[in-house]
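Asker:
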Amino acid sequence: MNQKQDFEVKRQSELQAITDAVRALATRCEGDSLALLALLRTLERLHREVREGGFQVSLPDNRQALYALLKDIEEEGGWPYIDRMRLRSLLVNFSEPNLPVTNPEPEAKS
Numbered sequence: 019m020n021q022k023q024d025f026e027v028k029r030q031s032e033l034q035a036i037t038d039a040v041r042a043l044a045t046r047c048e049g050d051s052l053a054l055l056a057l058l059r060t061l062e063r064l065h066r067e068v069r070e071g072g073f074q075v076s077l078p079d080n081r082q083a084l085y086a087l088l089k090d091i092e093e094e095g096g097w098p099y100i101d102r103m104r105l106r107s108l109l110v111n112f113s114e115p116n117l118p119v120t121n122p123e124p125e126a127k128s
């Protein structure tokens, strides 16, 4: 194995360790929505820091390098994005037993 391959193997190993640590923390936080929300906020901040810091600085400055980056983005799953939950999705499991259920359609008269 050459130096570049060694570096790639080490990088993949480090990324896997991070992934495993995040999954383990998420598992330990199951049932605690505030702790999981804190984890998601931390991941979002980290995503922003990496994107605005090292990633922007390392962007290609020539056509060949730009082409290689765009090709990798296309082949490896697109642009990294952290999706945010919509309020409606958040409220799906929420039910208030004291609230009356309203029917928007008028009842038919017999």
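Numbering (this note's numbering), first residue to last: 19 to 128. For glycine and all other residues, C-beta sits at the position ideal for the given N, C-alpha and C. As the structure is a prediction and not an experimental result, all values here were calculated from the model.
If you draw a straight line from the C-alpha of residue 54 to the C-alpha of residue 64, how long is it?
Answerer: Distance between the alpha carbons of residue 54 and residue 64: 15 Å.
Asker: Three or more C-beta pairs under 8 Å: does that hold for the segment 56 to 73 against the segment 29 to 47?
Answerer: yes
Asker: Identify whether residue 100 lies in helix, strand or coil by the three-state DSSP scheme.
Answerer: Reduced to three states, the DSSP call for residue 100 is coil.
Asker: When you compare the CB positions of residue 57 and residue 44, do they come within less than 9 Å of one another, or not?
Answerer: yes
Asker: Report the rounded CA-to-CA distance for residue 20 versus residue 29, giving the unit in angstroms.
Answerer: 14 Å
Asker: Please give me, in chain order, every unbroken run of the alpha helix (DSSP H) with length at least 4 that falls completely inside the segment 27 to 88.
Answerer: Within the segment 27 to 88, the complete alpha helix (DSSP H) runs of at least 4 residues are 51 to 68.
Asker: Got a sec? Which residues, its chain only, sit under 7 Å from residue 87 by beta carbon, not counting five neighbours each side?
Answerer: 78
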